[in-house]
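Engineer: One structure is given below, represented as structure tokens, and several questions about it will come after.
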Amino acid sequence: MRELTASVQCRSTRGEMDYPLLAQVFFLHSACALVFWVGFSWTALLACLSVYFIRMFGVTAGYHRYFAHRTYRTSRAFQFVLGFLATTSYQRGPLWWAAHHRFHHTHSDTEADIHSPVRDGFCWSHFGWLLYRRNSGTDPKMIPNLLQYPELRFLNDVYPLPPVLLAVSIFLFGEALGRAAPSLGTDGWQMLVWGFFISTVLLYHATFLLTSLTHIVGQRSFDTPDNSRNSFLLALVTLGEGWHNNHHYCPSSERQGFYWWEVDVSHYVLKLLERLGLVWDIKAPPKRVYARERRGERDRRSFAG
Ligand SMILES: [Zn+2]
Ligand SMILES: [Zn+2]
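Have a look at this one:
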């Protein structure tokens, strides 16, 4: 595992660009243009959306709420399943993701934050920071609780493998579907372009908006030391992660939409998994969140009276 040794650097010394990564990201985006060659089918669109949302769940419930914040508990086997699922998103491995995200919470919107749109602009926080070699390592000091699992260290080291396996599986599934049900109008190449390339690029930018947009656009429900915001639209496409100001206020809470109207699909799925016995000890928002509301109501009533 390559170690991150210099997270805190002045922005003027961004260092060397990670050219192999840049080539991979460019290839993934360019491959979406193959859509003009493979065409459209409702089956391919359904595959694109399904693969997008399943992997978004891996990123939000796995990488973010479990590996980075430990907001619930699970078995070692299901922990690996979550890690593997999230790694198919092609956003590096679970240890890298958790380490960088913990660093973000420790230094949000300060000079040390590695992806603050407030300090360094939208483009840097959206994807620029990812493309530099200094951010490609994993700082073991940020993830001491995860290092004890050799299977997670392995997953972190071979992170390109799960997405490649997914791409091959989608292609083979599309080929089989094309032969078994020609009326669906799809084949392996079409499923590969929609189900993997387009789905992955959409997943990239929805996830990246959580480091860029959620610190500049939206409502602030809580007075946090950073510039985090809540966004209903972003919460819909990221399965609940758009309640970023709520999350910065209570990072230890699994639930990020604190009220029924703050839609948080990852939370609903995790509650279902809890009923099935796959996860447990889901951490609820602290009482101070709702006590604050009650206090506000009391103050309003006494003022009216
Ligand atoms: Zn944040
Ligand atoms: Zn977080």
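Take any residue in the sequence shown, count from 1 to its spot, add 98: that is its number in our numbering. Built from N, CA and C at the ideal position, the CB exists for glycine as well.
Do P349 and ligand 2 come close, with the Cβ less than 7 Å from some heavy atom?
Structural biologist: yes
Engineer: Going along the chain, which residues of its own chain have a beta-carbon closer than 7 Å to the beta-carbon of S319, five neighbours each way excluded?
Structural biologist: N328, N343, N344
Engineer: Express the C-alpha separation of S281 and L193 in angstroms, rounding to a whole number.
Structural biologist: If you take the alpha carbons of L193 and S281, they lie about 44 Å apart.
Engineer: Under 8 Å between the Cβ atoms of V315 and G338?
Structural biologist: no
Engineer: How far does the alpha helix (DSSP H) with Q288 in it reach, from first residue to last?
Structural biologist: 286 to 290
Engineer: Name the residue from N243, Y150, R200, S206 whose alpha carbon lies nearest to the alpha carbon of V299.
Structural biologist: Y150
Engineer: Would the beta-carbon of V377 fall within 8 Å of that of F155?
Structural biologist: no
Engineer: Does ligand 2 have a heavy atom nearer than 7 Å to the CB of A166?
Structural biologist: yes
Engineer: Starting from the C-beta of Q288, find all residues in its chain whose C-beta is less than 7 Å away, skip the five residues before and the five after it, and write them out in chain order.
Structural biologist: V136, G137, S139, A142, G272
Engineer: From R373 to I380, what does the alpha carbon distance come to, in whole angstroms?
Structural biologist: 11 Å
Engineer: Using a Cβ distance threshold of 8 Å, determine whether the segment 296 to 313 contacts the segment 197 to 217, with at least three qualifying pairs required.
Structural biologist: Result yes; three or more Cβ-Cβ pairs closer than 8 Å.
Engineer: Tell whether a beta-carbon distance below 8 Å holds between E360 and A333.
Structural biologist: In this structure, A333 lies closer than 8 Å to E360 by Cβ.
Engineer: Look at the Cβ atom of S350, then the Cβ atom of H205, and state whether they are nearer than 8 Å.
Structural biologist: no
Engineer: What are the boundary residues of the alpha helix (DSSP H) that includes L270?
Structural biologist: Counting along the chain, the alpha helix (DSSP H) containing L270 begins and ends at 259 to 278.
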